[in-house]
Amino acid sequence: MSMVVVMQSGVDESQIEAVILRLNEYGFDVHRSSGVSHTVLGAIGVKPEFDIRNIKVLDGVSDVFRVTEPYKFVSRAWKSEKTIVDVRGVDVGGDEITIMAGPCAVESEEQIEATAEFVASQGATCLRGGAFKPRSSPYSFQGLGEAGLKMLKKAADRNDLRVVTEVIEPGHIALIGPYADIFQIGARNMQNYALLKELGKTDKPVLLKRGMSATIEEWLMSAEYLMASGNPNVILCERGIRTFENYTRNTLDLSAVPVVQGRSHLPIIVDPSHGTGFRDKVTPMARAGVAAGADGLMIEVHPDPNVAMSDGPQSLFFDQFAELMSEVRLIAQAIGRSVREPSTASV
Ligand code: PEP
Ligand code: MN
160 MSMVVVMQSG VDESQIEAVI LRLNEYGFDV HRSSGVSHTV LGAIGVKPEF
210 DIRNIKVLDG VSDVFRVTEP YKFVSRAWKS EKTIVDVRGV DVGGDEITIM
260 AGPCAVESEE QIEATAEFVA SQGATCLRGG AFKPRSSPYS FQGLGEAGLK
310 MLKKAADRND LRVVTEVIEP GHIALIGPYA DIFQIGARNM QNYALLKELG
360 KTDKPVLLKR GMSATIEEWL MSAEYLMASG NPNVILCERG IRTFENYTRN
410 TLDLSAVPVV QGRSHLPIIV DPSHGTGFRD KVTPMARAGV AAGADGLMIE
460 VHPDPNVAMS DGPQSLFFDQ FAELMSEVRL IAQAIGRSVR EPSTASV
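Laid out in structure tokens, this is it:
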């Protein structure tokens, strides 16, 4: 790992020497390059956890840059080929774009059965649904808990779908494990390090949502927690970040897709439901996500969004989901990828 230290123009020799001395004291090898008015110091042997502010505050220093990234296992430098996460036979990160769909929360047997059957018929391969919901208000519906997990798994198994469901605290991992094929870490928990470390000890795929105020680097550092704890099966999910914009619930940062793919080998999917917050914006942004190169989509779908217990306004009606699927299928083909064909001839 290395770091570049740029000295202010016109600093005197004693200040340069003082900085070199400090760098040596930290144990770094220093390579000096002095021009007419600028001196640049290259420091080699810097540990990823080194706080570069220790150098920024020194007299005469203009700027300090880290040359290498603070993460290792998630980086392209560590693994150059793309990772394909195997979710019990369903690939995430391969040529086929993985569609995860379902309600925000599991509400009843009828609701999850109907949704599972429909999304599977349209080419989805994973069924989403929360049984433990991280709600902004303690008075909002918190999920059905284990009863919801049972309904979710039954509906998924019946339709050959994989289950993706959220874990909101480490104490729930053992309970949720038998029902889930993918553990979802929600945006609000992206930096819940206790949760990251515990899920890192499992070998089940983890879907790591981007925190609503997290930089891409912070998000990748959270993925690093999972991988450094031993779990290589990490899927990233861009779900929108909070900005000054109010016409959407969040601002879906689709540029995160190529940025992440340039820096990391991990698959990345896009969630335009939470990313926009309104159902009329979901399909356009799903199309855009696929066009941007996402490895999958997470879409909220409900048999009757008007009575949904959470996130109804951003949940698609069944016919809207069918249309989304046929549109993203065309876009996938245009960029040399695919979306699974519907199983029913009716659409
Ligand atoms: C969800 O997937 O329903 C959810 C709560 O998402 P997020 O963590 O992205 O808000
Ligand atoms: Mn939701």
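Take 160 as the starting number for the sequence shown in the numbering used here and just add one per residue. Every residue, glycine too, gets a C-beta built ideally from N, C-alpha and C.
query                                                                                                                                                                                   : result
Does the Cβ of ILE494 have 16 or more other Cβ atoms within 10 Å, making it buried, or fewer, making it exposed?                                                                        : exposed
Could you check if ALA339 belongs to the surroundings of ligand 1, using beta carbon to heavy atom distance under 7 Å?                                                                  : no
What does a CB cutoff of less than 6 Å around GLY219 pick up in its chain, not counting 5 residues either side in sequence?                                                             : MET166, GLN167, VAL170, GLN174
Would you grab the beta carbon distance between LEU311 and GLY288 for me? Rounded to a whole angstrom, and I think it's under 8 Å.                                                      : 5 Å
Would you call the CB atoms of GLU453 and VAL429 closer than 8 Å?                                                                                                                       : Glu is not the amino acid found at residue 453; the sequence shown has Ala there. In this structure, VAL429 lies closer than 8 Å to ALA453 by Cβ.
Would ILE332 and VAL365 be called neighbours here (beta carbons separated by less than 8 Å)?                                                                                            : no
Distance check for ILE375 and GLU228, CA to CA, integer angstroms please.                                                                                                               : 12 Å
Return yes when the Cβ of VAL195 is within less than 8 Å of the Cβ of VAL178, no when it is not.                                                                                        : no
Is the CB-CB distance between GLN473 and PHE437 below 8 Å?                                                                                                                              : yes
CB of SER299 to nearest heavy atom of ligand 2: below 7 Å?                                                                                                                              : no
Give every residue of the same chain whose Cβ lies closer than 7 Å to the Cβ of ASP362, excluding the five residues on either side of it in the sequence, and list them in chain order. : ASN390, ASN392
Indicate whether GLY261 and VAL278 have their beta-carbon atoms separated by less than 8 Å.                                                                                             : yes
Any heavy atom of ligand 1 closer than 7 Å to the beta-carbon of CYS263?                                                                                                                : yes
Kindly examine ligand 2 and report whether one of its heavy atoms sits closer than 7 Å to the Cβ of HIS433.                                                                             : yes
Do three or more CB pairs link the segment 206-224 to the segment 403-415 at distances below 8 Å?                                                                                       : no
For ALA273, which residues of its own chain have a beta-carbon under 7 Å away from its beta-carbon, when the five flanking residues on both sides are left out?                         : PRO462
Can you round the beta-carbon distance between GLY455 and VAL251 to whole angstroms, since I take them to be within the 8 Å contact cut?                                                : 6 Å
With a 10 Å radius around its C-beta and 16 neighbouring C-beta atoms as the bar for buried, classify PRO297 as buried or exposed.                                                      : exposed
How long is the line joining the alpha carbons of VAL506 and ALA275, rounded to whole angstroms?                                                                                        : Reliability fails at VAL506, whose pLDDT of 48 lies under 50, so the model's placement of it is uncertain and the value that follows must be treated cautiously. Their Cα atoms are separated by approximately 17 Å.
Could you check if SER381 is buried or exposed, using at least 16 other CB atoms within 10 Å of its CB as the buried criterion?                                                         : buried
With a 10 Å radius around its C-beta and 16 neighbouring C-beta atoms as the bar for buried, classify TYR352 as buried or exposed.                                                      : exposed
If we ignore side chains and look at the alpha-carbon of each, how far apart do MET457 and GLY201 end up?                                                                               : 44 Å
Pull up the distance between the alpha-carbon of GLY471 and that of ASN465, whole angstroms please.                                                                                     : 6 Å
Taking GLY448 as part of the alpha helix (DSSP H), name the residues at either end of that continuous run.                                                                              : 438-451
Go ahead and label TRP378 buried or exposed: buried means 16 or more other beta carbons lie within 10 angstroms of its beta carbon, across all protein chains shown.                    : buried
My output table needs one value for GLU325: the three-state DSSP class, helix, strand or coil.                                                                                          : strand
Quick check: does the Cβ of ASP325 come within less than 7 Å of any heavy atom belonging to ligand 1?                                                                                   : Contrary to the premise, residue 325 reads as Glu rather than Asp in this sequence. GLU325: yes, Cβ under 7 Å from ligand 1.
Which one of THR435, ILE394, PHE232, HIS424 has the shortest CA to CA distance from ILE400?                                                                                             : THR435
Spatial neighbours of ALA467 within its chain, please: CB distance less than 7 Å, with the 5 preceding and 5 following residues excluded, ordered by chain position.                    : PRO262, CYS263, HIS461, SER474
On a Cα-Cα basis, can you pick out the residue from SER502, VAL441, LYS241, ASP412 that is closest to SER432?                                                                           : VAL441
As an exercise, report each continuous alpha helix (DSSP H) stretch of at least 4 residues that is fully enclosed by the segment 349-432, in chain order.                               : 352-359, 375-387, 415-422
Applying the criterion that 16 or more other CB atoms from any shown protein chain within 10 Å of the CB defines a buried residue, is ALA290 buried or exposed?                         : buried
Does DSSP put GLY204 in a helix, a strand or coil?                                                                                                                                      : coil
What does the alpha-carbon distance come out to for the pair LEU411 and SER193?                                                                                                         : 44 Å
Leaving out five residues before and five after ARG496 in sequence, what residues of the same chain have Cβ atoms less than 6 Å from its Cβ?                                            : ASP254, ILE256
Would you tell me roughly how many angstroms separate the C-alpha atoms of ALA283 and ALA236, rounded to the nearest one?                                                               : 33 Å
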